[in-house]
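Peer 1:
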Amino acid sequence: MELMVGPEAKVRLTGTKYACGTGGCGACTVMVSQHDPVCKKTRHFSVVACLVPLCSLHGAAVTTVEGVGSIKSRLHPVQERIAKSHGTQCGFCTPGMVMSMYALLRNHPQPSEGQLMEALGGNLCRCTGYRPILESGKTFCTICTELFAKDEFQPLDPTQELIFPPELLRMAENPEKQTLTFYGKRITWISPGTLQDLLVLKSKYPEAPLISGNTSLGPAMKSQGHAYPILLSPARIPDLKTVTKTSDGLTIGAGCSLAQVKDILAESISELPEEKTKTYRALLKHLQSLAGQQIRNMASLGGHVISRHCYSDLNPILSVGNATLNLLSEEGLRQIPLNGHFLAGLVSADLKPEEILESVCIPHSQKGEFVSAFRQAQCHQNALPDANAGMRVRFKEGTDTIEDLSIAYGGVGPTTLSAEGSCQRLLGRRWNALTLDEACRLLLDEVSLPGSALGGKVEFRRTLVVSFFFKFYLEVLQELRAEVKPPASSQDSQLHPEVAGRFLSALGEFQVTLPRGVQTYQSVDSHQPLQDPVGRPIMHLSGLKHATGEAVFCDDIPRVDKELSMALVTSTRAHAKIISIDSSEALDLPGVVDVITAEDIPGTNGDEDDKLLAVDKVLCVGQVICAVVAETDIQAKRATGKIKITYEDLTPVIFTIEDAIKHNSFLCPEKKLEQGNVEEAFENVDQIVEGEIHVGGQEHFYMETQRVLVIPKTEDKELDMYVSTQDPAHVQKTVSSTLNVPISRITCHVKRVGGGFGGKVGRPAVFGAIAAVGAVKTGRPIRLVLDREDDMLITGGRHPLFGKYKVGFMNSGRIKALDIGCYINGGCTLDDSELVTEFLVLKLENAYKIRNLRFRGRACMTNLPSNTAFRGFGFPQGALVTESCITAVAAKCGLPPEKIREKNMYKTVDKTIYKQAFSPEPLIRCWNECLDKSSFHTRRTQVDEFNKKNYWKKRGMALIPMKFSVGFAATSYHQAAALVHIYTDGSVLVAHGGNELGQGIHTKMLQVASRELKIPLSQMHICETSTATVPNTIATAASIGADVNGRAVQNACQILLKRLEPIIRKNPEGTWRDWIEAAFEQRISLSATGYFRGYKAFMDWEKGEGDPFPYYVYGAACSEVEIDCLTGAHKKIRTDIVMDACCSLNPAIDIGQIEGAFIQGVGLYTTEELHYSPEGVLYSRSPNEYKIPTVTDVPEQFNVSLLPPSQTPLTIYSSKGLGESGMFLGSSVFFAIADGVAAARRQRDVAEDFTVKSPATPERVRMACADRFTDMIPRDDPKTFKPWSIPIA
């Protein structure tokens, strides 16, 4: 049992959040404290509660976010500062962030900036973009930020922290030696107190694994169903944590955590001569990016070595460094080398079943020896490597002749591979270009990777094999020149040839630095009353509760009487007929109450083509077939594996857009817009370019997975539902039709949602309805909480897109004709795909006035889970096609892309392709201000100079404009209602139809109410969103939640104020409370419903014209990056964003939305990659496989500016909705990367035009930077093997 499901669940400590279950997101971070009796110090370290075994915590103190501070008693400075720095939005990740920073401060009250970045490297946030979180942490650093005055925050006083419990201190000083045994229902945990006892137990139970941090065994037991009846824990044995330093090397106990190993190595490096520490430096380099801080704190050196994962970052280095393993058993000590034979798992070189690993001996490096380590992963931190390597060479003294060479690779085979054959053949060779060529040839022959290799990316990983060696070759060459001086008489010009200056850029890797930046907005008018909060950077009203863990989310609601848990059973086939469902074995399991199938639905089972529960056939892997209801969550999940479903496969099975087009498989008719005479225009241009763009899908990865609690009432078929959704009315309607009861009997409550991004618009209704059927059938409350793996498998995400364009233009860069056809992968049912197609086509023109246009869009039907709404709703994919056209035109004209953009941009009041009039004046202002603020032209020149001087690293810049249309294309979807109550004490309760998703809508609504009623925010409150309070609401989506609900709240407040006017006139000197009491006495209603009929919006697709959008948001972003052409890695040097917000209701919240959307867009365009098997199974189902941005993905300099305020009578106080628009601005990073790649290709005389594919992962960047290393790798004929994954776009 893990800590997350142990005492925390039993005592209802709900601050610690469960988000992934694999230790990859940091939401469940807590602090563990242990006392070391040897050094007399207490060590504090962060761990993830979803993995740390409860039994391993004997003698340790655990601090959760509740123990740090509370709004009811005293806030801790960490909690106060993250909230006041606007570092919380949805708040689901905030307790984990707080605990990571808190653990850091307990060890380092004044941490360095590097320590702060390291501490937060294992924590994910999907909302904020990380910048404000880092700003809050920076206030504790030795070099403090200037963003806040020191007197704004309470000081950090280490003397006021909780002490280590005296009882545990006594236990640590006088440790028990007896063996502790914990008996579970399925597993027995044995924790011996001495090394000898452990050896006896290992002899008695040779098959029992040793478990230390549970970072390898835990996830395997969860995801792969591995079960061990006995687990042996060496945690209490100090002998396994000893460190011995000798003249020959360092021996580190196998029980030391990787974090401790890191500290041990750093200490040795500081004490020893440099020549002895080459291996230690290589290990330390990889330890800095291996996993996150929490995992490094938990994982042990012994566990890492013995697990022998093919992707191990340390084993290749330990192998080439000639490390030895000290093994112990009852028979005594034995040593074996940590070499290729051990790593391959050969029996003759492995541990015997009764042996344990006691320690690892790492020898000092020798004089004349060089050791290096390399790795490349999807992102810099907290990501498993695609490939890695350890390399060591030793030369004969005073020469460059190879005396010893050792190379090992990880990630390019089922185990760590040692290139012994290649190394042997290179002995005696000189370290020169001829040897480099021969080594590359030998390595590619020996380290062979089949085309069907697990993990895919085969050609990329083959290229890394030789790219890594080339880096090593140059590193050694440089050091040889420094260390070995050629004899004065030597005529051999080949001895240590100088590395050409432009090739030196291959050396060195991108370093992590703490981001810096400026957020600029206009202060409110000096005449605005101090009590009026509109336009001020008010903190999110739940910010402090987020930071203390006291903000209640759906699954934080305490268990209710007789509550049951539900788990879903999903299809394992992509297209098949259901022959039978046998649930008998599941029903026989302890705790299982029932199995819910389609036959149990009393009303409507979804739509004809989109069933809630599958009937007769399944259309994708992950389609819900039935659900198990049991007494506990664990029992329900265990039972799902016992339900036997018999299938009969059907044809065709379609996964890709290409296959859908071939089979004419579409979800809806084509959507088309056209203006001018496209064909005639193509005949009158100087040049025509055609191209293709592939844009991958994106997982919402809201931190809080889908969850619902359904409570049946005792009469009238009423249900109370607590659900994490953006659209409670849709949940209410779906449940009503599913149960065949009136909508009025169903009440949906939404307190707050832990992130949505479109993924909680439609899907929660499905889960709510299934849970409701279970609740009605059993007559008991049902709680359904999806695991991250199931959530990602079932729910779908952003539509992958395939776009084709044909663009005609003059040599000056003026575009005369543009024809774009887009296909999106909609999945197996319609969902929102038709709307996404419409919005995609409507928004394709982005910021450009092109007189002859043709846009077409189709949604493909495939056998994948249905894709759905996602922030930006088609615009981030479609506009990428348009901007790629611009880039292609620029390349053909020999002009900078920004010149082509400028030349073709809207300049004056005009009409869009769908005949909606607008003024582009704010767009031009954003563009010009972004050019100015980013010093674009000066930096562009500097980038060009850098690229001339550096061959293996390139910089790129891109400036992208944006015209983003806000709202739904239908008037009825813009209506909103609110209910405002004033109580006799003067306090005000506001209810409205919007849902708090982290975007601060409740905060903004109270700002509106405060202004209208002219009373302070402290007298106002919002409880929740409820369908019983405000009925018939519209989804909180399309960036207009604050717009329309703000107008409704304003209306309600104005009605109330009008009623109060006679009383105020009669007693103008009275207080607010006086007026309210008087109104009550005079029987004046103090409750009012406010209503906003909505913005007018319509679109006539027959005519191809309309006014589908209320207004536009304009913006521009400039990004600069640097790419490593040998590995495909990149770093974001700087981003400047200028956005038109008109008059921001709350600039802190709006800038937070822009930053968060931008970073989410950066993820879409650079790291977030979905992998599907050839059978349609989603591989990327956890943060280990699917990489959203981390703290290291924030640009080193990140500036956001809002244009000076301007007036628009349409919206509430002239504000604009900014929730989605920033997403596309992340493409500035994509095009900056493409600019760097183009520079590399130009220098190598490779064709500049290449098929654009998003995301720009390291794999795609590396392979696009074609060079002699990409040319020398073997290529497989695709017809000769079955690939590991298929491209669905």
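Going by the numbering used here, 1104 is the number at position 480 of the sequence shown; the sequence numbering is gapless. Glycine included, C-beta positions come from ideal geometry on N, C-alpha and C.
Taking the beta strand (DSSP E) that arginine 1579 belongs to, which residues open and close that run?
Peer 2: Working through the sequence shown from its first residue, we reach residue 1579 at position 955. Unbroken beta strand (DSSP E) run through arginine 1579: 1577-1590.
Peer 1: What are the boundary residues of the beta strand (DSSP E) that lysine 1727 is part of?
Peer 2: The sequence position of residue 1727 within the sequence shown is 1103, counting from 1. Counting along the chain, lysine 1727 falls outside any beta strand (DSSP E), and DSSP gives it neither H nor E.
Peer 1: Assuming contact is defined by CB atoms lying nearer than 8 Å, are alanine 1077 and tryptophan 1725 in contact in what I supplied?
Peer 2: Sequence index remark: in the sequence shown, residue 1077 carries index 453 (1-based). Sequence index remark: in the sequence shown, residue 1725 carries index 1101 (1-based). For alanine 1077 and tryptophan 1725, no; Cβs fall outside 8 Å.
Peer 1: Which value, in whole angstroms, describes the spacing of the CA atoms of leucine 793 and histidine 659?
Peer 2: On the sequence shown, position 169 is the one that residue 793 refers to. On the sequence shown, position 35 is the one that residue 659 refers to. Roughly 7 Å between the two C-alpha positions.
Peer 1: Does DSSP classify phenylalanine 716 as helix, strand or coil?
Peer 2: Within the sequence shown, the letter at position 92 stands for residue 716. Coil.
Peer 1: Using a threshold of 8 Å, state whether the C-beta atoms of cysteine 1372 and threonine 1651 are closer than that.
Peer 2: On the sequence shown, position 748 is the one that residue 1372 refers to. On the sequence shown, position 1027 is the one that residue 1651 refers to. In contact: cysteine 1372 and threonine 1651 (Cβ atoms closer than 8 Å).
Peer 1: Which whole-angstrom value describes the C-beta separation of valine 867 and glycine 945, a residue pair presumed to lie in contact below a C-beta threshold of 8 Å?
Peer 2: The residue given as residue 867 occupies position 243 in the sequence shown. The residue given as residue 945 occupies position 321 in the sequence shown. No, valine 867 and glycine 945 are not in contact; Cβ-Cβ is about 17 Å, not under 8 Å.
Peer 1: Around the Cβ of leucine 744, are there at least 16 other Cβ atoms within 10 angstroms (buried) or fewer (exposed)?
Peer 2: Here the question's residue 744 lines up with position 120 in the sequence shown. Buried: at least 16 other Cβ atoms inside 10 Å.
Peer 1: In chain order, what are the residue ranges of uninterrupted alpha helix (DSSP H) at least 4 long that sit wholly in the region 1657-1716?
Peer 2: With a minimum length of 4 residues, the continuous alpha helix (DSSP H) runs that stay inside the region 1657-1716 are 1665-1690 and 1696-1705.
Peer 1: Could you give the DSSP three-state label for serine 1129: helix, strand or coil?
Peer 2: Start at 1 with the first residue of the sequence shown, and residue 1129 comes out as number 505. Helix at serine 1129.
Peer 1: Could you check whether tryptophan 1699 and leucine 1684 sit closer than 8 Å to each other, using their CB atoms as the reference points?
Peer 2: For the purposes of this step, residue 1684 is taken as residue 1060 along the sequence shown, with counting starting at 1. For the purposes of this step, residue 1699 is taken as residue 1075 along the sequence shown, with counting starting at 1. Their beta carbons are under 8 Å apart, which means leucine 1684 touches tryptophan 1699 by this criterion.
Peer 1: As a quick exercise: from Thr1358, Pro1405 and Tyr1326, pick the residue whose alpha carbon is nearest that of threonine 1338.
Peer 2: Counting from 1 along the sequence shown, the entry for residue 1338 is found at position 714. That would be Pro1405, whose Cα lies nearest to the Cα of threonine 1338.
Peer 1: Return the residue from the list Thr903, Ile787, Lys641 and Lys1261 that minimises the CA-CA distance to leucine 889.
Peer 2: The sequence position of residue 889 within the sequence shown is 265, counting from 1. The candidate whose alpha carbon is nearest that of leucine 889 is Thr903.
Peer 1: Using 10 angstroms around the beta-carbon of histidine 1561, count the other beta-carbons present and answer buried if the total reaches 16, otherwise exposed.
Peer 2: Stepping through the sequence shown from its first residue, residue 1561 is reached at position 937. Label assigned to histidine 1561: exposed.
Peer 1: List the whole-angstrom C-beta distance separating glycine 1037 from leucine 1008, where the pair is believed to meet the contact cut-off of C-beta under 8 Å.
Peer 2: Taking the first residue of the sequence shown as position 1, residue 1037 is located at position 413. Taking the first residue of the sequence shown as position 1, residue 1008 is located at position 384. With a Cβ gap of about 15 Å, glycine 1037 and leucine 1008 do not count as contacting.
Peer 1: Check tyrosine 1597 in the structure and name its three-state DSSP category.
Peer 2: As a first step, residue 1597 is located in the sequence shown; it is residue number 973 there, counting from the start. Three-state DSSP puts tyrosine 1597 in a helix.
Peer 1: With a Cβ-Cβ cutoff of 8 Å, do leucine 1519 and glycine 1437 count as a contact?
Peer 2: Translated into the one-based positions of the sequence shown, residue 1519 becomes position 895. Translated into the one-based positions of the sequence shown, residue 1437 becomes position 813. Yes. Within cutoff.
Peer 1: Suppose you measure from the CA of leucine 1243 to the CA of proline 1276; what does that come to, to the nearest Å?
Peer 2: Position 619 of the sequence shown, counted from the first residue, corresponds to residue 1243. Position 652 of the sequence shown, counted from the first residue, corresponds to residue 1276. If I take the Cα positions, the gap works out to 11 Å.
Peer 1: Using only CA atoms, which one of His1754, Ile1367 and Ser1768 lies nearest to asparagine 1656?
Peer 2: Translated into positions along the sequence shown, residue 1656 becomes position 1032. Nearest of His1754, Ile1367 and Ser1768 to asparagine 1656, Cα basis: Ile1367.
Peer 1: Hey, out of Gly1670, Gly1610 and Val1824, whose CA is closest to alanine 1703's CA?
Peer 2: Indexing the sequence shown from 1 puts residue 1703 at position 1079. Comparing Cα-Cα distances from alanine 1703 to each of Gly1670, Gly1610 and Val1824, the minimum goes to Gly1610.
Peer 1: Runs of 3 residues minimum, wholly inside the region 638-726: which ones carry the beta strand (DSSP E) assignment?
Peer 2: Within the region 638-726, the complete beta strand (DSSP E) runs of at least 3 residues are 653-660, 665-672 and 685-687.
Peer 1: For aspartate 1817 and valine 1861, which I take to be in contact (beta-carbon distance under 8 Å), what is that distance rounded to the nearest angstrom?
Peer 2: Residue 1817 sits at position 1193 when you count from the first residue of the sequence shown. Residue 1861 sits at position 1237 when you count from the first residue of the sequence shown. Rounded, the Cβ-Cβ distance is 19 Å, inconsistent with contact.
Peer 1: Below 8 Å on the Cβ atoms is my guess for alanine 1746 versus lysine 1577; work out the distance and round it to an integer in Å.
Peer 2: As a position in the sequence shown, residue 1746 is number 1122, starting the count at 1. As a position in the sequence shown, residue 1577 is number 953, starting the count at 1. At residue 1746 the sequence reads glutamate, which differs from the alanine that was named. About 6 Å; that satisfies the 8 Å criterion.
Peer 1: Leaving aside the five residues before and after serine 1543 along the sequence, list all residues of the same chain whose C-beta is less than 6 Å from its C-beta, in chain order.
Peer 2: The residue given as residue 1543 occupies position 919 in the sequence shown. Answer for serine 1543: Val1533, listed in chain order.
Peer 1: I believe arginine 1480 touches glutamate 1304 by the beta-carbon criterion, under 8 Å. Please report the beta-carbon distance rounded to the nearest angstrom.
Peer 2: On the sequence shown, position 856 is the one that residue 1480 refers to. On the sequence shown, position 680 is the one that residue 1304 refers to. That pair is no contact at about 18 Å.
Peer 1: Check whether the Cβ atoms of glycine 1383 and threonine 1419 lie closer than 8 Å to each other.
Peer 2: As a position in the sequence shown, residue 1383 is number 759, starting the count at 1. As a position in the sequence shown, residue 1419 is number 795, starting the count at 1. Yes, they are a contact pair.
Peer 1: Are the region 1834-1851 and the region 1540-1555 touching, with three or more C-beta to C-beta distances below 8 Å?
Peer 2: The answer is no - the region 1540-1555 does not touch the region 1834-1851, with fewer than three Cβ pairs under 8 Å.
Peer 1: Could you work out which residue in Val671, Ala1130, Val1248 and Ala1676 is closest to phenylalanine 1092 when comparing CA atoms only?
Peer 2: Indexing the sequence shown from 1 puts residue 1092 at position 468. For phenylalanine 1092, the nearest C-alpha among the options comes from Ala1130.
Peer 1: Should valine 635 and valine 686 be called a contact, given that it needs their Cβ atoms to be closer than 8 Å?
Peer 2: On the sequence shown, position 11 is the one that residue 635 refers to. On the sequence shown, position 62 is the one that residue 686 refers to. No, Cβ-Cβ distance for valine 635 and valine 686 is not below 8 Å.
Peer 1: Which residues bound the beta strand (DSSP E) around proline 789?
Peer 2: On the sequence shown, residue 789 is found 165 positions in, with the first residue counted as 1. Per DSSP, proline 789 belongs to no beta strand (DSSP E) and is neither H nor E.
Peer 1: What is the DSSP secondary structure of valine 635, reduced to helix, strand or coil?
Peer 2: Reading the sequence shown from its first residue, position 11 is the one you call residue 635. Three-state DSSP puts valine 635 in coil, outside helix and strand.
Peer 1: Check for me: the alpha helix (DSSP H) holding isoleucine 919 runs from which residue to which?
Peer 2: If you number the sequence shown from 1, residue 919 lands on position 295. Here the alpha helix (DSSP H) through isoleucine 919 covers 917-922.
Peer 1: Taking the straight line between their C-alpha atoms, what separation do you get for glycine 1445 and methionine 1163?
Peer 2: As a position in the sequence shown, residue 1445 is number 821, starting the count at 1. As a position in the sequence shown, residue 1163 is number 539, starting the count at 1. Taking the straight line joining both Cα atoms gives about 44 Å.
Peer 1: Going along the chain, which unbroken runs of the alpha helix (DSSP H) with 4 or more residues stay wholly within the region 1462-1517?
Peer 2: Counting whole runs of 4 or more residues, the region 1462-1517 contains the alpha helix (DSSP H) stretches 1499-1517.
Peer 1: To the nearest angstrom, how far is the alpha carbon of glutamate 1458 from that of glycine 1451?
Peer 2: Walking along the sequence shown from the start, residue 1458 turns up at place 834. Walking along the sequence shown from the start, residue 1451 turns up at place 827. Cα-Cα distance, rounded: 12 Å.
Peer 1: Tell me whether histidine 1561 sits in a helix, a strand or coil according to DSSP, three-state version.
Peer 2: Against the sequence shown, residue 1561 aligns to sequence position 937. Of the three classes helix, strand and coil, the one that applies to histidine 1561 here is helix, per DSSP.
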